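The block underneath contains the structure these notes are about, expressed in structure tokens.
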Amino acid sequence: MAGQVILIRHGHGLHNVNDDVSIPDPRLTLRGERQSVQLGQNIAPLGTDTIGTILTSPLRRSIHTTLLAFIDVIDEGFYLKGEGGIVGGADLVLDPYLQEVGDQPCNTGSAVVNLKNEWLNLDFSTLKETPWPLKKDLFSPANRKARAQKVLGDVKRRIDVLAQVPSNMRKDVIVVTHGGFIQDLTDDESFSLEFASSKGCTIMKKQGGQLILK
0 MAGQVILIRH GHGLHNVNDD VSIPDPRLTL RGERQSVQLG QNIAPLGTDT
50 IGTILTSPLR RSIHTTLLAF IDVIDEGFYL KGEGGIVGGA DLVLDPYLQE
100 VGDQPCNTGS AVVNLKNEWL NLDFSTLKET PWPLKKDLFS PANRKARAQK
150 VLGDVKRRID VLAQVPSNMR KDVIVVTHGG FIQDLTDDES FSLEFASSKG
200 CTIMKKQGGQ LILK
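Residue 0 is where the sequence shown starts when you use numbering that gives the first Met the number 0, and the numbers rise one by one after that.
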């Protein structure tokens, strides 16, 4: 049986305090940190041992949300020794295609070297294969719909691969991203998630072949 997609919006960020889009790649506020911890507590009773892969936007607020919320789910190799994670835990992938849509400073990622200084144990190789942090090609706001289709195709392939191993319980994929891009993934401009909240989804194909989260 194929797994599901658990769609998550990051926690409250510093730029959300006064809607200040000029803050470069902001971190979470204390409120956002608490929200992220609570998110993990809310998801835990649903059974986190089914989570195989966590895909997160590499913007600071999304990385921070992910590491706080899933400290008891993610493999220990992604944390400094003694700071979190579990043996044989879920894989963590930084997916630059999950970044927020806009090109304002708050929605533009940091240079890889700066992110590495903050999170020593994370794998940033996925960013080096793209224009990150430049907002061009599929990262351009004008190409948001095409980027959403790429993401959904990639997520579907991951779920299919996880489902092919009968003995593998970890079949679900978590996607941690942003409010604007969530509307592209769901193809619904009216859809929104609260900060650090989640929704279980499946990938569906519309009549014209377009993939959406439903």
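Even for Gly, the Cβ is constructed at its ideal location relative to N, Cα and C. Computed from a predicted structure; not experimentally measured.
- Reduced DSSP secondary structure (H/G/I, E/B, other) of Ala89: strand
- Excluding the 5 residues preceding and the 5 following Ser109 in the sequence, name in chain order all residues of the same chain whose CB lies nearer than 6 Å to its CB. Asp24
- Complete runs of the alpha helix (DSSP H) confined to the stretch 167-211 [at least 4 residues]: 178-185
- Task: Reducing DSSP to helix, strand and coil, say where Asp74 ends up.
- Result: strand
- Given Ile22 as reference, the closest of Cys105, Arg33 and Ile202 once Cα atoms are compared: Cys105
- Query: How is the beta strand (DSSP E) around Arg8 delimited, first residue to last?
  - Reply: Val4 to Arg8
- Task: Mind reading off the beta-carbon distance from Arg8 to Gly178? Whole number of angstroms is fine, and I expect it under 8 Å.
- Result: 6 Å
- Query: Secondary structure at Gly108, three-state DSSP: helix, strand or coil?
  - Reply: coil
- Query: Just checking my contact of Gln3 with Thr201 at CB under 8 Å: how many whole Å lie between their CB atoms?
  - Reply: 6 Å
- Paired residues, beta bridge with Gly12 - DSSP: Leu27
- Message: I'd like to know whether the C-beta atoms of Val150 and Leu93 end up nearer to each other than 8 Å.
- Response: no
- Of the residues Leu6, Leu119 and Ala162, the one placed nearest Leu79, counting alpha carbons only: Leu119
- Figure out for me which residue from Asp159, Lys144, Arg30 and Gly51 has the closest Cα to the Cα of His14. Arg30
- From the DSSP output, read off the bridge partner residues of Leu54. Val92 and Val174
- Nearest-angstrom Cα separation, counted from Leu184 out to Gln148: 8 Å
- Item | Leu79, DSSP secondary structure in three states | coil
- Query: If you follow the alpha helix (DSSP H) that Ser124 is part of, which residue opens it and which one closes it?
  - Reply: Ser124 to Lys127
- Message: Taking its Cβ as the centre, do 16 or more other Cβ atoms sit within 10 Å of Ala195, making it buried, or is it exposed?
- Response: buried
- Query: Under a three-way DSSP split, which group does Val20 fall into?
  - Reply: coil
- Item | Ser139 vs Ile42 beta-carbon contact at 8 Å | no
- Task: Compute the Euclidean distance between the alpha carbons of Gln182 and Ser191, then round it to the nearest angstrom.
- Result: 7 Å
- With a Cβ-Cβ cutoff of 8 Å, do Lys170 and Ala162 count as a contact? yes
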